[in-house]
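Protein chains in written order, with this note's numbering: chain V, 13 to 214; chain Z, 1373 to 1707; chain L, 14 to 555. See structure below.
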């Protein structure tokens, strides 16, 4: 269970943000709201790219607010630029796996699961934006951290492809017991997933 | 088996040890000189071979980038320098060199052994070659060169000359002193008159000479012996030196031994060797200068100009006035 | 890619690399200052000359350097735009790989090339004579010096400016094509914002190079009226053995250059970009194909080629001939080549490695403001430290400790490394900074840190820049004539030293052949590094 306990954050210039919710393992949470309201900031705070002002972040009772990003039980898939331009797709995936030996078949299986089998040897610049996002998702899947954050990761995909990704996401969340937070401005996404929605406002 | 090999091995061992001991014992004479002297086409290799046969030693020439560089290097190294001898300073540097206190009297008798146009007597420095500075021109391009320094200074503007910087080159300094000795206190004006004819002032002798050979200038300040090189090596006599009525300034190159030389005996022997015919006979066709000692001159030297007067300031005069005169030169040419 | 404000987050606190980097930079500067100090300490007797003349010389040096820099920029900027614009149609891109050659050429070789083009018996004069016109008058003087400085520095500027232009996102060009922006509007809104960040750093670099110019001034200046501080340092040190004056002048040079560097880099925090990237999918702009536009581009390119490439061709032409065979039979040639290559490879690799450490340190602390300028400053200042003073000072420092003859190769390597360091640093730092924004966030999130990040992410990504930096540093070392003039000897001969010796005799033909040999070797060395880096980085495109 992810606990976001009375988190507050302030930007230089006076904008203040407050968050307070919990999310169980295996559950998906959609974060919605107008632009500028702090959706990405929330993800950055959980991932550790911003430091919070007050509050507490914990997973399964263990607090991780003071830890640097690489020690947190989090994987983030950004809106873009998830891949290293000079590595192939396969290398982009395996480089994040911390030396843990994952069988090549498992990697290929994950690629197939997300409908991008055959792109393993390509460079990021040789595939489309949507395909790049899915490679990032494969990586997140195989990295197997309890918390998965997605920042508008599928906004560029067409609806049928997006549905397929959401199916995969659902399966990942349930079978791997991940807590998934995704930011999206499209209300169809949350409706399709039939998940909880966190609506942020001023 | 063992008994027959052992004496052989013992002999071999003794031979090897004695050879290596001998190699370790061959003394090394270290001579600092300027780069062209030590190069393959310079006098260095022949002199090295001859002296090594005489002395049972190993001669090591250390080539530095210029004669001024030689003095600078020994000054930097100080009393702990490994040099035995410096070879390649000239009279203009003698006072400064003597004042460093690094050099020792050479103990060589110069009487009757030198053939210089001026009197030379010094207990620290031995002359090894000399030459006249002169303007060299291409006789196929210039039929009537100026016949005196004054004529050059007042010549029409279409004569282009290239000279060297007196601060960085010995011929450059030579020309400065030449003008000074002819014009005295009017030297500044003379330089100002000469200035429009000067194409450029180069850092070293070769920069100017190659420019002349490329046709960038009509005359270059060089040595009166430069034409001999072209006669012997290139087979042409079109390059000539212009003889000036006022006489020509000289350069006398000298050598000295260091006070703290690691091999003082060998050094003294070499200093004496300098004026011997073995050394002197090499000079004309490798260094392209006149030998300071008595030696035969090659045929190519026969046609060279013979100046009416050899001008040379004493080392003390040069040391005392150099910076004032260089300053005067700078001001005259900066207008 | 959206640019987001990045306040100093917890996790970005600099790690152990940073103090090391800073320490190295400061240490090297301290070494340079120690060398100057050694000089002053040995002095004692002898005239402590100078006086009001020094200020006049300093002012002239600064004037000459500023003019040279601005002229080089004035040439390089239109050519950079022309090159970039016509890369596809006129294949103007081939100019770029050759652009580094003038920078690394030994100055004596370059000067002979320049005279071979612009001298009274040079290409241009011969051409004019063919047309029945007067030959060129002698060029020596301030004009020749400026021309030479432009020859040396415009190609470097071209490469950097071109790199900046190629970093403009293609989308901006698409918008501009769609809206039909005029040439001036395009320059103002799109090109200039991309060029501006790199210009101050570039100006600082070129200013420093022109300020410390020495051989060129002596060869082309025409007389004592055209002089620089460095020339005076040289004469004080080598001719008058006035160490105190040399030390004073060296300090003055350091102060002036330091002030200029600080001034220029306050204008922008970033240094210049690295290797240019190819542009795909950039559409035609309005007015690109107009006659006026094409003529201007053609003129700029032609001028550039005349000024920077003809001298190289002159060296080629002179060097080819029977003397090449003569020279190739010298055993000294091969010995000197091996020595030169060993020194060049050592100093090049060393310079690149240290530059990498320093550049990484700089990038990590990019937010820290005040703490980085000692790093930037000290590195830029190596260019301002007179090579002669450095060499002599090191000699004095070390002669107590060891036999300098044995040390000679080491001293030459270290000296060359210090001279190449600013270049290597600038090349790497530009690229690392550009990558940091992309990589930092990603690597932090994925747990890629320290050695792993360096080996698997950073090094492969900057492989082309590493190749360029190493190639440039090695090539600079290969052509060095200043430091080796202090320490060379018959036992320790590098190629420039051999060339120097050849020139001291009447051997014009051999000298020209040697110059050609040296130039070719420099080119091959540089290409070697570039190709090796390309293969190691496994990039599929240039």
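Don't be surprised by glycine CBs; every beta carbon is placed ideally from N, CA and C.
Chain V within 8 angstroms of residue i, Cβ atoms only
| i | result |
| --- | --- |
| residue 538/L | no |
| residue 480/L | no |
| residue 423/L | no |
| residue 284/L | Bear in mind that the predicted position of residue 284/L carries a pLDDT of just 47, short of 50, making it unreliable; the figure below should be weighed with that in mind. By this cut-off, residue 284/L is not an interface position. |
| residue 549/L | no |
| residue 470/L | yes |
| residue 462/L | yes |
| residue 455/L | yes |
| residue 46/L | no |
Residue range of the alpha helix (DSSP H) that includes residue i
| i | result |
| --- | --- |
| residue 1689/Z | 1687-1705 |
| residue 1421/Z | 1416-1427 |
| residue 125/L | 120-131 |
| residue 166/L | 155-179 |
| residue 1491/Z | Premise fails: residue 1491/Z is in no alpha helix (DSSP H) and is neither H nor E. |
| residue 1643/Z | 1636-1646 |
Presumed contact (8 angstroms Cβ cut-off) between residue i and residue j, rounded CB distance
| i | j | result |
| --- | --- | --- |
| residue 151/V | residue 105/V | 5 angstroms |
| residue 1565/Z | residue 1525/Z | 5 angstroms |
| residue 1502/Z | residue 1643/Z | Actually they are not in contact, since the Cβ atoms of residue 1502/Z and residue 1643/Z sit about 17 angstroms apart, beyond 8 angstroms. |
| residue 634/L | residue 496/L | Outside the shown range of chain L (14 to 555) lies residue 634/L, about which nothing can therefore be said. |
| residue 131/V | residue 67/V | Actually they do not touch by this definition, with Cβ atoms about 41 angstroms apart. |
| residue 98/L | residue 389/L | So it is not a contact: roughly 32 angstroms between Cβ atoms. |
Proximity test, Cβ basis, 8 angstroms: residue i and chain L
| i | result |
| --- | --- |
| residue 114/V | no |
| residue 93/V | yes |
| residue 76/V | no |
| residue 107/V | yes |
| residue 19/V | no |
| residue 81/V | yes |
| residue 87/V | yes |
| residue 166/V | no |
| residue 1444/Z | yes |
Those residues which DSSP pairs with residue i across a bridge
| i | result |
| --- | --- |
| residue 211/V | 44/V |
| residue 439/L | DSSP lists no partner for residue 439/L. |
| residue 1503/Z | 1623/Z |
| residue 97/L | Answer is none; residue 97/L lacks a bridge partner. |
| residue 1461/Z | 1626/Z |
| residue 481/L | Answer is none; residue 481/L lacks a bridge partner. |
| residue 237/L | In the DSSP output, where bridge partners are listed per residue, residue 237/L has none listed. |
| residue 1536/Z | 1574/Z |
| residue 1614/Z | 1507/Z |
| residue 1475/Z | 1630/Z |
| residue 71/V | 14/V and 74/V |
| residue 1682/Z | 1620/Z |
| residue 1403/Z | 1433/Z and 1457/Z |
| residue 1481/Z | Partner(s): none; residue 1481/Z has no beta bridge. |
heavy atom of the ligand NAP below 7 angstroms from residue i C-beta
| i | result |
| --- | --- |
| residue 228/L | Among the ligands in the structure shown, none appear at all, so the ligand NAP cannot be discussed. |
Endpoints, the beta strand (DSSP E) within which residue i is located
| i | result |
| --- | --- |
| residue 34/V | 28-35 |
| residue 1430/Z | 1430-1436 |
| residue 193/V | 191-195 |
| residue 22/V | 14-22 |
| residue 162/V | 159-163 |
| residue 87/V | 86-89 |
Residue i at chain Z interface by Cβ criterion, 8 angstroms
| i | result |
| --- | --- |
| residue 405/L | yes |
| residue 126/L | no |
| residue 289/L | A caution first: residue 289/L carries a pLDDT of 44, below 50, which makes its placement in the model unreliable, though a value can still be read off. No, its Cβ sits nowhere closer than 8 angstroms to a Cβ of chain Z. |
| residue 98/L | no |
| residue 29/L | The pLDDT assigned to residue 29/L is 42, lower than 50, so where the model puts this residue is not dependable, and the model offers no usable value. |
Taking 8 angstroms as the threshold, find out whether the segment 193-207 of chain L comes into contact with the segment 131-144 of chain L through three or more Cβ pairs. no
Quick one: any contact between the segment 1479-1487 of chain Z and the segment 1455-1465 of chain Z, if contact means 3 or more CB pairs under 8 angstroms? no
Any chance the segment 358-374 of chain L sits against the segment 148-164 of chain L, with 3 or more Cβ pairs inside 8 angstroms? no
Is it a yes or a no for the segment 393-405 of chain L touching the segment 338-353 of chain L, going by three-plus beta-carbon pairs under 8 angstroms? no
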